[in-house]
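> Numbering (the numbering used here), first residue to last: 202 to 365. Note that the Cβ used here is the ideal one computed from N, Cα and C, for glycine as well. Got a structure here, written out as structure tokens. Questions coming.
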Amino acid sequence: MNVPAPGTRPAPFILELRLNGQPVRVQCSPDTRLLTLLREHWHLTGAKPGCEVGRCGACMVWLDDAPANACLLMAYQIQGQAVRTIESVAADTASEPVRAALAECGGVQCGYCTAGMVMTMTYLHRQQPRPAAGEAKALMCGNICRCTGYGGIRRAVERLFPEV
Ligand code: FES
Ligand code: FES
Numbered sequence: 202m203n204v205p206a207p208g209t210r211p212a213p214f215i216l217e218l219r220l221n222g223q224p225v226r227v228q229c230s231p232d233t234r235l236l237t238l239l240r241e242h243w244h245l246t247g248a249k250p251g252c253e254v255g256r257c258g259a260c261m262v263w264l265d266d267a268p269a270n271a272c273l274l275m276a277y278q279i280q281g282q283a284v285r286t287i288e289s290v291a292a293d294t295a296s297e298p299v300r301a302a303l304a305e306c307g308g309v310q311c312g313y314c315t316a317g318m319v320m321t322m323t324y325l326h327r328q329q330p331r332p333a334a335g336e337a338k339a340l341m342c343g344n345i346c347r348c349t350g351y352g353g354i355r356r357a358v359e360r361l362f363p364e365v
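See the structure below:
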């Protein structure tokens, strides 16, 4: 990719990727954020804008099956990769125990953080259902709840990862 002159925008390009299992393409500027594309182009609004600097996890997606903050990913960085959003993961049986634990343990208040929580917790649960003590909680540090409903979220994590 050519480096644009100072003060100018890079030329548009064609971004191609797999989105929730389907091939998609869009013409956009290489510096368009994935979060913007998801919400404004594909109308997938499950990933939420929160801090928009990679701290809160409200925008969490899976990039090639690992959690990633959509607010930090630019189009040129995801060319040819696979993205899954909560719209896909919520329909996946892998997320059922996570969604049940959050609901039954009172881990959802306004719900703004919940999609991001489900994305991270489902990844952890699928990868490593028996993490070392404290590991799951430590790995959840990138997901912040503005309602500060951490009591219920903590109970859900403890149910999902009994050795925590
Ligand atoms: S909005 Fe992306 S991490 Fe907060
Ligand atoms: S439930 Fe409201 S931000 Fe977490």
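1. Counting contacts by CB-CB distance shorter than 8 Å, is LEU340 in contact with chain C?
2. At a threshold of 7 Å, does PRO250 count as lining ligand 1 (C-beta to nearest heavy atom)?
3. From GLU305 to MET322, what distance separates their C-alpha atoms?
4. Which ranges would you report for the beta strand (DSSP E) in the stretch 259 to 337 if only whole runs of at least 3 residues count?
5. Who are PHE214's beta bridge partners in DSSP?
6. Beta carbon of GLY247, beta carbon of GLU288: below 8 Å?
7. Leaving out the 5 sequence neighbours to the left and right, which residues in its chain are closer than 6 Å to LEU245 when beta-carbon positions are compared?
8. Identify the residues that DSSP records as bridge partners of PRO224: which are they?
9. Once DSSP output is grouped into helix, strand and coil, what is the label at ARG234?
10. Pick helix, strand or coil for ALA206, following the three-state DSSP scheme.
The answer reads as follows:
1. Looking for chain C here will not work: only one protein chain is present.
2. Residue numbering aside, residue 250 sits at position 49 when the sequence shown is read from its first letter. True, at least one ligand heavy atom lies under 7 Å from that Cβ.
3. Along the sequence shown, read from residue 1 onward, the residue named residue 305 stands at position 104. Along the sequence shown, read from residue 1 onward, the residue named residue 322 stands at position 121. Rounded to the nearest angstrom, the two C-alpha atoms are 15 Å apart.
4. 261 to 264, 267 to 270, 283 to 285
5. Working through the sequence shown from its first residue, we reach residue 214 at position 13. Its beta-bridge partners are CYS229.
6. The residue given as residue 247 occupies position 46 in the sequence shown. The residue given as residue 288 occupies position 87 in the sequence shown. Yes; because the gap between Cβ atoms is below 8 Å, this pair is in contact.
7. Taking the sequence shown and counting its residues from 1, the one referred to as residue 245 is at position 44. The answer, listed in chain order, is LEU239, THR286, GLU288.
8. The residue you call residue 224 lines up with position 23 of the sequence shown. According to DSSP, which records beta bridges pairwise, PRO224 is partnered with ARG219.
9. Within the sequence shown, the letter at position 33 stands for residue 234. When secondary structure is reduced to three states using DSSP, ARG234 falls in the strand class.
10. The residue you call residue 206 lines up with position 5 of the sequence shown. In this structure, ALA206 counts as coil in the three-state DSSP scheme.
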